[in-house]
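A.B. asks: Chains R and D, in that order, are what the protein sequence lines are. This note's numbering applies: residue 19 is where the first sequence begins, and numbers increase by one. This note's numbering applies: residue 19 is where the second sequence begins, and numbers increase by one.
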Amino acid sequence: MNPSLVNVLLMAPALVLLAIVFAWPLLDSAWLSTQASSVLTGLAPLANDGANWQRLLGDARFWQDAASTLRFAGVSVGLELGLGLAMALVLHRPGRGRGWLRALALLPWALPTTVLALGWRWIYNDPYGPLNAILKAFGMAPYGFLTTPSSTWLFTVIADVWKTTPFVALLLLAGLQSIPAELEESLVLEGASPGQILRRLTLPLLRPWISLALLFRLAQALGVFDLVQVLSRGGPAGSTESLALYAYHNAMRFLDFGYSATLVIATFLLLVLLTACGWLLLRRRPLEISR
Amino acid sequence: MRSLLLLWSLAPLAWQLYTSLVTPEALVQGTGVEAGAYWTLENYRQVWSAEPPIWRYLLNSAVVGAATTALTLALAVPCAYGLQRQGGRLRWAVTLTLLATAIFPTVLLFLALLQLARALGLANNLLALSLPYAALCLPLAVLLLRAAFADLPPELEDAARLEGLDLPQRLRHVLLPLLAPSLASTAILVFLFSWNEYPIALTWISRPELLTLPPAIARIAGSSLFTVPYGAFAAATVLGSLPLLLIVLIFQRSIVSGLTQGAIKG
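Right, dumping it as structure tokens:
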């Protein structure tokens with residue numbers, strides 16, 4: 019048999035399953051977004067001339083959720099990259115028990131998000147959680163970490179940063195391991211300070227890994243669901259509702275599948291747009307540096 | 019620096035452990051409670067004998083995790099092998115597809131997958147969950163295993179071919195034994211993903227006794243918004259984390275090297 023045909027046959031089962039689970043749902047949701055499919059139609063699809071999309075454009079809750087999803091993704095991914103780099107540098111340094119340190123640092127990433135989100139709900143509890151106990155010890159009034167509409171999003175960001183920074187750190191650690199130690203030694207011999215080594219050697223060579231971590235985390239953060247559903251339940255006053263959570267509410271609570279599909283596709287388009295922008299920006303940069 | 023890192027990673031977890039081991043009075047009043055009424059195992063007794071008991075969710079998650087891991091490896095090994103030997107445009111297209119699907123947030127698939135589950139009668143079926151789970155894990159698994167295949171010297175397989183071994187024999191007797199470390203770390207990562215997945219389990223499973231751990235925990239959290247039994251919650255989170263804690267600590271080398279090696283070569 020033709021060797022290329024054998025390869026295709028070997029890859030086929032996996033690719034077919036991927037098509038069923040990734041491509042078909044996107045096509046199906048795109049089609050469903052042009053249909054009315056809710057309690058009113060008995061959940062049967064019925065063409066409605068783009069009414070879902072018109073509704074989306076005028077839906078203040080959609081625009082608010084889009085803004086808060088972007089805010090969540092931008093701030094948490096930025097923090098994760100900074101902290102992840104610091105964590106990777108610590109985990110890279112040789113020393114006794116480094117394997118154990120890596121495993122323990124990785125724990126928050128390995129445990130289920132819903133489980134940890136529930137844990138954070140208790141940490142943020144007003145008035146009995148540990149954070150409020152600390153405030154009380156300093157003589158301050160208890161703070162509603164999850165009940166203050168203006169600031170709760172920040173506390174969902176902190177929980178997300180805690181949970182996913184280890185993943186970023188692990189990717190960057192892979193990058194650090196690929197940098198030959200001799201390069202750093204030669205810079206040390208030239209009398210470069212740690213800060214200079216970081217700027218001149220480590221960061222430029224880490225760029226591919228930083229890009230990968232950025233793209234991965236950006237896509238995941240734009241689809242944030244587990245964390246906000248369990249930690250803040252989208253509240254208070256809808257201030258932490260993400261696009262994915264809104265889509266979920268439309269399908270499972272309001273039983274409006276057509277509009278839920280519209281939200282899914284709108285989120286998907288936003289995701290493609292942003293990751294494409296990130297990809298283009300990151301692709302051009304390395305060329306400028308090498309010139 | 020190291021102790022700061024450990025404090026940041028472990029303090030929230032330690033707080034859960036502490037919460038699970040003390041009485042509600044101790045949680046609320048702090049040091050004012052007398053020693054005898056401070057520590058307790060009551061929270062664990064409560065979640066262990068709840069209806070359904072927590073071990074039921076752990077068992078469900080373990081079953082789904084095992085099925086997903088087996089299915090993913092069965093599909094990913096041939097795919098990774100084919101991809102490694104394939105050249106040209108097809109290789110490039112498949113790799114790009116795998117990368118794109120690897121970063122895709124799974125929650126956007128929930129609506130259509132829910133309809134699929136209803137149409138095919140797969141809802142409330144634990145083993146059926148491993149179908150979408152395997153698909154979601156395949157991109158990472160194939161990329162990791164392809165990098166591992168690329169590491170094997172090509173002469174090895176040529177020699178086995180000259181001995182007259184066909185492809186399944188070469189895989190089973192020559193290539194896969196050498197890939198054991200990569201297979202192990204891939205399997206662990208797939209199991210972790212399956213153990214933690216939430217949106218699809220949430221929408222596919224509605225019968226309480228079939229819930230996997232993440233939706234079960236979220237359901238407990240949603241059931242009592244105002245009078246939250248945090249001690250029992252904490253006991254549930256500790257018990258739900260324990261299997262993974264053991265896996266991470268036992269296999270820490272495989273996990274770290276699997277992810278870092280795969281990222282370097284992938």
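All C-beta atoms in this analysis are idealised placements derived from N, C-alpha and C, irrespective of residue type, glycine included.
(1) Count the other CB atoms, across all protein chains shown, that sit within 10 Å of the CB of Leu27 (chain R); report buried if there are 16 or more and exposed otherwise.
(2) Can you tell me which of the three DSSP states Val242 (chain R) falls into?
(3) Mind reading off the beta-carbon distance from Ala279 (chain R) to Ser56 (chain R)? Whole number of angstroms is fine, and I expect it under 8 Å.
(4) Look at Ser27 (chain D) and Leu134 (chain R) and say whether their C-beta atoms are less than 8 Å apart.
(5) Tell me where the alpha helix (DSSP H) around Val82 (chain D) begins and ends.
(6) To test your reading of the DSSP string, which unbroken alpha helix (DSSP H) runs of 4 or more residues are found completely within the stretch 215-291 of chain R?
(7) What is the DSSP secondary structure of Ala54 (chain R), reduced to helix, strand or coil?
(8) Rounded to a whole number of angstroms, what is the C-alpha to C-alpha distance between Thr183 (chain R) and Ala199 (chain R)?
(9) Report the CB separation of Gly258 (chain D) from Pro130 (chain R) in whole angstroms; it is logged as a contact under 8 Å.
(10) Starting from the beta carbon of Arg63 (chain D), find every residue of chain R whose beta carbon is closer than 8 Å, and list them in chain order.
(11) Tell me Val112 (chain D)'s beta-bridge partners as DSSP assigns them.
(12) Do you know offhand how far Gln195 (chain R)'s Cα is from Ala92 (chain D)'s?
(13) Below 8 Å on C-beta distance, what does Trp42 (chain R) contact in chain D?
(14) Mind pulling the beta strand (DSSP E) runs of 3 or more residues that sit fully within the stretch 132-167 of chain D?
(15) Quick one: what does DSSP say Leu59 (chain D) is sitting in, helix, strand or coil?
(16) Helix or strand or just coil, what does DSSP make of Leu191 (chain R)?
(17) Bridge partners of Ala65 (chain R), per DSSP?
(18) On the CB-based measure, 16 or more other CB atoms within 10 Å of its CB, does Gln72 (chain R) come out buried or exposed?
(19) Return the chain-ordered list of same chain residues with a C-beta closer than 6 Å to the C-beta of Ala202 (chain D), the five sequence neighbours on each side being excluded.
(20) Quick check: what's the CA-CA separation for Ala32 (chain R) versus Gln102 (chain D)?
(21) For my contact list, Leu210 (chain D) and Leu131 (chain D) are in at a C-beta cut-off of 8 Å; report their separation, rounded to the angstrom.
(22) So Arg111 (chain R) is in the alpha helix (DSSP H); what residue range does that whole segment cover?
(23) Of all the residues that make up the stretch 222-235 of chain D, which are near chain R by a beta-carbon distance shorter than 7 Å?
(24) Leaving out the 5 sequence neighbours to the left and right, which residues in its chain are closer than 8 Å to Leu64 (chain R) when beta-carbon positions are compared?
(25) For Thr285 (chain R) and Asn142 (chain D), I'd like the C-alpha separation in whole angstroms.
(26) What's the gap between the Cα of Ile197 (chain R) and the Cα of Gly102 (chain R)?
(27) What is the DSSP secondary structure of Thr37 (chain D), reduced to helix, strand or coil?
(28) Whether or not the stretch 210-226 of chain D and the stretch 191-202 of chain D are in contact is what I'm after, with contact meaning three or more pairs of Cβ atoms, one per stretch, closer than 8 Å; do they touch?
(29) Does DSSP classify Glu306 (chain R) as helix, strand or coil?
(30) Quick one, are the C-beta atoms of Leu89 (chain D) and Ala152 (chain D) less than 8 Å apart?
(31) Span of the alpha helix (DSSP H) holding Leu205 (chain R)?
(32) Can you check which of these residues, R:Ala155, R:Val206, R:Thr258 and R:Arg225, is closest to Asp178 (chain R) by C-alpha distance?
(33) Do Arg235 (chain R) and Val186 (chain R) come within 8 Å of each other at the CB atom, strictly closer than that value?
(34) At least one CB of chain D closer than 8 Å to the CB of Arg120 (chain R): is that the case?
(35) Any contact between the stretch 177-187 of chain D and the stretch 107-115 of chain D? By contact I mean 3 or more CB pairs, one from each, below 8 Å.
(36) Which chain R residues sit within Cβ distance under 8 Å of Asn78 (chain D)?
C.D. replies: In short, the structure shows the following:
(1) exposed
(2) coil
(3) Rounded, the Cβ-Cβ distance is 11 Å, inconsistent with contact.
(4) no
(5) Ile72 to Arg103
(6) 221-240, 244-249 and 261-270
(7) strand
(8) 25 Å
(9) 7 Å
(10) Within chain R, no residue comes near Arg63 (chain D); the closest Cβ sits about 19 Å away, beyond 8 Å.
(11) None; Val112 (chain D) has no bridge partner.
(12) 31 Å
(13) Ala130 and Leu134
(14) none
(15) coil
(16) helix
(17) R:Gln53
(18) exposed
(19) Ser272
(20) 14 Å
(21) No, Leu210 (chain D) and Leu131 (chain D) are not in contact; Cβ-Cβ is about 21 Å, not under 8 Å.
(22) Neither: Arg111 (chain R) is in no alpha helix (DSSP H) and is coded neither H nor E.
(23) Leu231, Pro232 and Ile235
(24) Gln53, Ala54 and Ser55
(25) 28 Å
(26) 17 Å
(27) helix
(28) no
(29) Residue placement at Glu306 (chain R) is flagged as unreliable, the pLDDT there being 41, under the threshold of 50; the coordinate-derived value follows with that caveat. It is helical.
(30) yes
(31) Ala199 to Leu207
(32) R:Thr258
(33) yes
(34) yes
(35) no
(36) The premise fails here: Asn78 (chain D) is roughly 13 Å from chain R at the closest Cβ pair, so nothing lies under 8 Å.
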